[in-house]
Each structure stands twice: as structure tokens, then as C-alpha cells.
Amino acid sequence: MNNVKFTSEIYAHSDHLMSHALKFTRDEDDAKDLLQETLIKGLRFAHSFDQGTNLRGWLYVIMRNTYINDYRKDTKRKAFVTVEEEITNGQLAISATKNAGESTFALEDINKAMASIKDEYRIPFKKYFEGYKYDEIAAELNLPIGTVKTHIHQARQGLKKYLKMYRS
9 MNNVKFTSEI YAHSDHLMSH ALKFTRDEDD AKDLLQETLI KGLRFAHSFD QGTNLRGWLY
69 VIMRNTYIND YRKDTKRKAF VTVEEEITNG QLAISATKNA GESTFALEDI NKAMASIKDE
129 YRIPFKKYFE GYKYDEIAAE LNLPIGTVKT HIHQARQGLK KYLKMYRS
């Protein structure tokens, strides 16, 4: 099938796909974006479409997968920005860099907060904060993974309590 014919067949299914896009997004503008992205991917991957199969179904699968992938990306981005329960490097950096004077006090407070935590909690927390995984920390400190998770949780709770004045 040539590109012109394939494009016209894809376009013939756009109204049906638009109704699915509206069900997914519940917003007309987002649905139009999703439909456009689906049609573009359909054209881009036309070579992988098997002649004689259901074109509408194939496009629907592309739309569904595109929506799911976008939803996951958006959820991860929002979770990174809005989680208040976890004290992370990004959140500490935001609260600690308002200006140079506040930054100095904030860093002093963070250091005091870290010093106030028991070594058994602070050491696993620092490792976790540096990017180590739970199982790596457990192996290095010769502790059960559940204990490592508990110690990191206790350190977070202590830091949240000590640094509550920086909550926005």
C-alpha cells in the first residue's frame, strides 16, 4: 500500500480514535494532542502494519500505549516535585537556596539535624541519599534489608521533625 492511500485510511479512522482519546484524557485539547501523536506514530511505523489486519485496532493500540507512557512520565514528574513525605536532595536544595544568608543557616540546620540522628539510622540514610540501593546498603552494613529500610525511615522522620521550619 502506498503512503497516500495509507494516510487516507488512517485519516478515515480519526473520528473514532478521537472518541477514544476523549475517554482517555477527559479533556478536548489533550485528546487532540493524543490523536495527533497517534496518527504521527501510525504514519511513522506504517511499515510495521500487517496488511489485511485491523487498522483501527492497530491505531487504538498505538493510542493506548502512547497515553499510558505519557501518563507514567507525567506521574513520575509530579511525584518528584510534589512528594512531601520524603526529604530528598532536590527538596533540601530548594529550601536551602533561597538566598546566600538563608542558605548558610539552612545548611547549618541540615548538618545539625543529621548530627542529631543516631549513627545506626544516619549511616544507612546517607548511603541511600548518595544513591545506593537498599540491598547494597544491607550487604555493606551486614544488616537485613528490612532493618535498613526501617533505619532509613526513622532517619527521615527525625529529619522531618528537626527541619519542619523549612516546610513550605
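The sequence shown maps to residues 9 to 176 in the numbering used here.
Ideal Cβ positions, reconstructed from N, Cα and C, are used throughout, including at glycine.
Check whether the Cβ atoms of residue i and residue j sit closer than 8 Å, and answer yes or no.
i           : j           : result
residue 46  : residue 70  : yes
residue 51  : residue 25  : no
residue 117 : residue 171 : yes
residue 153 : residue 142 : yes
Just verifying my parser: in three-state terms, what is the DSSP assignment at residue i?
i           : result
residue 44  : helix
residue 152 : coil
residue 35  : coil
residue 58  : coil
residue 68  : helix
residue 17  : helix
residue 140 : coil
Please work out which residues of its chain come closer than 6 Å, Cβ to Cβ, to residue i, disregarding the five sequence neighbours upstream and downstream, and give them in chain order.
i           : result
residue 160 : 132, 133, 136
residue 23  : none
Please determine whether the Cβ atom of residue i lies at a distance below 7 Å from any heavy atom of the ligand GTP.
i           : result
residue 135 : No copy of the ligand GTP appears in this structure; indeed no ligand is present at all.
Among residues of its own chain, excluding the 5 on either side of residue i, which ones have a beta-carbon nearer than 8 Å to its beta-carbon?
i           : result
residue 144 : 135
residue 121 : 166, 167, 170, 171
Have a look at the options and flag the residue whose alpha-carbon is nearest the alpha-carbon of residue i.
i           : options           : result
residue 15  : 35, 28, 64        : 64
residue 163 : 149, 152, 55, 123 : 123
residue 35  : 75, 68, 18, 62    : 75
residue 60  : 17, 78, 150       : 17
residue 12  : 37, 54, 38        : 54
residue 72  : 39, 83, 10, 139   : 39
Given that a residue counts as buried once 16 or more other Cβ atoms are within 10 Å of its Cβ, and exposed if not, what is residue i?
i           : result
residue 19  : exposed
residue 156 : buried
So, for residue i: in the same chain, excluding its five sequence neighbours on each side, which residues have a beta-carbon less than 7 Å away from its beta-carbon?
i           : result
residue 130 : 122, 163
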